[in-house]
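All letters in the sequence shown, in the order written, are residues 1 to 270 by the UniProt record's numbering.
Where a beta carbon is used, it is the ideal one built from N, C-alpha and C, also for glycine.
In this text, all values refer to a predicted model and were calculated from it rather than measured experimentally.
Let me begin by presenting the structure, written as structure tokens, before commenting on it.
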Amino acid sequence: QFEASEDGEVQFFPNAPIDVENHPSVVAINVSPIEYGHVLLIPRILECLPQRIDHESFLLALYMAAEAGNPYFRLGYNSLGAFATINHLHFQAYYLAVAFPIEKAPTKKKTSLNDGVIISELLKYPVRGVVFEGGNTLQDLSDAVSDACICLQDNNIAYNVLISDCGKRIFLLPQCYAEKQALGEVSVELLDTQVNPAVWEISGHMVLKRRKDYDEASDENAWRLLAEVSLSDERFDEVNALIFEAIGGGKDAIENVEEPDTKAQSIEKE
1 QFEASEDGEV QFFPNAPIDV ENHPSVVAIN VSPIEYGHVL LIPRILECLP QRIDHESFLL
61 ALYMAAEAGN PYFRLGYNSL GAFATINHLH FQAYYLAVAF PIEKAPTKKK TSLNDGVIIS
121 ELLKYPVRGV VFEGGNTLQD LSDAVSDACI CLQDNNIAYN VLISDCGKRI FLLPQCYAEK
181 QALGEVSVEL LDTQVNPAVW EISGHMVLKR RKDYDEASDE NAWRLLAEVS LSDERFDEVN
241 ALIFEAIGGG KDAIENVEEP DTKAQSIEKE
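Written as structure tokens, this is what we have:
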């Protein structure tokens with residue numbers, strides 16, 4: 001618990017009372033941070049929820065992003081099978097004062113929902129993904145993404161989520177790298193890097209474990225790794241169909257399908 005003191009200095013108190021009856025959520029310090037302010041958001045911690053997104057918990061994550069009020073503060077989520085480190089519901093979050101590569105990628109608008117949520121597809125990026133933004137309320141946006149995530153969970157499809165732009169823009173990224181690993185379909189060269197491409201790596205913030213990989217880091221090498229993460233065009237289309245069917249009960253929730261509308265990211269660039 002952090003509190004401001006009379007002299008303006010921030011004080012840290014290692015313990016704080018927990019109101020068990022109100023199903024408390026916790027922001028915990030990450031003991032293995034990779035960037036400034038790296039924390040874990042643990043919804044309803046005493047319920048010991050599994051690592052599966054639900055509507056209430058995802059809305060909490062969006063509120064956290066919105067209340068932070070800083071476009072360089074992002075939250076990330078890794079599902080089981082997409083390099084979640086533990087089967088206990090949690091989101092990660094940290095500050096990084098540059099735009100992620102995925103945030104700068106162009107998108108093509110696919111459709112909009114009756115509640116104002118706009119759904120687009122990533123373009124010119126090594127990992128295929130879906131982008132959600134807009135909505136008449138934050139709840140509308142949260143519900144659309146939650147419905148999509150629950151659909152993927154119910155169909156045993158691994159995925160990662162990046163919450164960016166103060167909760168106004170969400171990237172949903174189905175992936176298959178761990179599955180390929182299990183089937184022996186990943187090259188020894190990539191396995192030797194020991195990089196597990198979770199949400200931060202897929203978004204373009206690479207955590208490298210060998211000096212060799214750091215010295216030889218390049219767009220080409222990053223692209224090669226992330227291309228192995230992505231679903232094929234055919235499989236991505238199948239997953240997209242499942243997602244659209246799940247959101248709002250299918251076609252009734254879809255307002256229209258737009259012509260391609262390629263645009264850049266909304267976050268401030270360097």
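CB contact flag (residue i, residue j, <7 Å)
i	j	result
residue 35	residue 96	yes
residue 129	residue 62	no
residue 43	residue 60	yes
residue 226	residue 127	yes
residue 73	residue 41	no
residue 108	residue 121	yes
residue 174	residue 131	no
residue 53	residue 26	no
Whole-Å CB distance - residue i paired with residue j, under 8 Å assumed
i	j	result
residue 119	residue 203	With 8 Å as the limit, residue 119 and residue 203 do not qualify as a contact, their Cβ atoms being about 19 Å apart.
residue 88	residue 51	6 Å
residue 161	residue 77	4 Å
residue 163	residue 170	5 Å
Among the options, nearest to residue i - alpha-carbon criterion
i	options	result
residue 79	172, 132, 164, 26	172
residue 139	116, 131, 156, 122	116
residue 220	113, 81, 206	206
residue 98	151, 165, 196	165
residue 193	213, 241, 37	213
residue 199	7, 229, 147	229
Residue i, DSSP secondary structure in three states
i	result
residue 139	helix
residue 9	coil
residue 259	Reliability of the predicted coordinates at residue 259 is poor, the pLDDT of 46 falling under 50, and no value is obtained from them.
residue 169	strand
residue 130	strand
residue 84	coil
residue 1	Its pLDDT being 49, under 50, residue 1 is placed unreliably by the model, and the measurement read from it follows with that caveat. Three-state result, residue 1: coil.
residue 28	strand
residue 33	coil
residue 159	strand
residue 50	coil
residue 174	strand
residue 191	helix
residue 209	coil
residue 125	coil
Residues that DSSP places opposite residue i in a beta bridge
i	result
residue 109	120
residue 164	169
residue 92	40, 76
Minimum Cβ-Cβ distance from residue i to chain C less than 7 Å
i	result
residue 45	This model lacks chain C altogether, as it is built from one protein chain only.
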